[in-house]
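>
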Amino acid sequence: MEIFEFNEQGFKVLMQFEGWKIGMLRYCERFSAHNGDERHLETDEAFVLLEGSAVLYEEEKEYVMEKCKVYNIKKGMWHHIVVSPDAYVVVIENSNTSAENTERKCYP
Numbered sequence: 001m002e003i004f005e006f007n008e009q010g011f012k013v014l015m016q017f018e019g020w021k022i023g024m025l026r027y028c029e030r031f032s033a034h035n036g037d038e039r040h041l042e043t044d045e046a047f048v049l050l051e052g053s054a055v056l057y058e059e060e061k062e063y064v065m066e067k068c069k070v071y072n073i074k075k076g077m078w079h080h081i082v083v084s085p086d087a088y089v090v091v092i093e094n095s096n097t098s099a100e101n102t103e104r105k106c107y108p
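For the sequence shown, my numbering assigns the number 1 to the initial residue and increments by one for each residue that follows.
(1) Which first and last residues belong to the beta strand (DSSP E) in which residue 75 is found?
(2) Taking only runs that begin and end inside the region 9-58, name each unbroken beta strand (DSSP E) of 3 or more residues, in chain order.
(3) Between residue 97 and residue 20, what straight-line distance do the alpha-carbon atoms span, to the nearest angstrom?
(4) Please check the pair residue 104 and residue 36, which I expect to be a contact at CB under 8 Å, by giving their CB distance rounded to whole angstroms.
(5) DSSP three-state label for residue 7, please.
The following block contains the structure:
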């Protein structure tokens with residue numbers, strides 16, 4: 001049995017297993033406003049809101065997330081998440097997701 005926990009700000013990968021990684025996303029400056037987007041070129045990315053509130057932006061759409069629902073962003077889709085200071089979000093993606101296969105764009 002392995003048990004993982006993350007109580008800091010930002011994003012941290014907690015475990016990797018057979019090609020997938022699971023991380024926890026918490027409030028920090030990067031996730032406090034919709035100030036840019038990213039897209040992963042080789043994998044989908046799934047988000048699950050456990051606590052707090054969050055808005056998931058996907059291209060031209062905006063989703064107010066509901067707790068315990070899975071939101072899957074398909075590979076190649078521009079997206080960003082904004083979370084409340086008390087938010088806990090689980091993030092699941094392919095373990096080879098990295099800067100080399102992710103594109104980012106910032107907004108002024």
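Yeah, the Cβ is synthetic: ideal placement off N, Cα and C, and Gly gets one too.
Keep in mind it's a predicted model, so treat the numbers as computed, not measured.
In short:
(1) Locating residue 75 in the sequence shown gives position 75, where the first residue counts as 1. From DSSP, residue 75 is part of no beta strand (DSSP E); its letter is neither H nor E.
(2) 10-17, 20-26, 36-40, 45-51 and 54-58
(3) For this step, residue 97 is matched to residue 97 along the sequence shown. For this step, residue 20 is matched to residue 20 along the sequence shown. So the alpha carbons of these two residues sit roughly 9 Å apart.
(4) Residue mapping note: residue 104 aligns to position 104 of the sequence shown, counting from 1. Residue mapping note: residue 36 aligns to position 36 of the sequence shown, counting from 1. Residue 104 to residue 36, Cβ: 6 Å. Contact.
(5) Locating residue 7 in the sequence shown gives position 7, where the first residue counts as 1. Coil.
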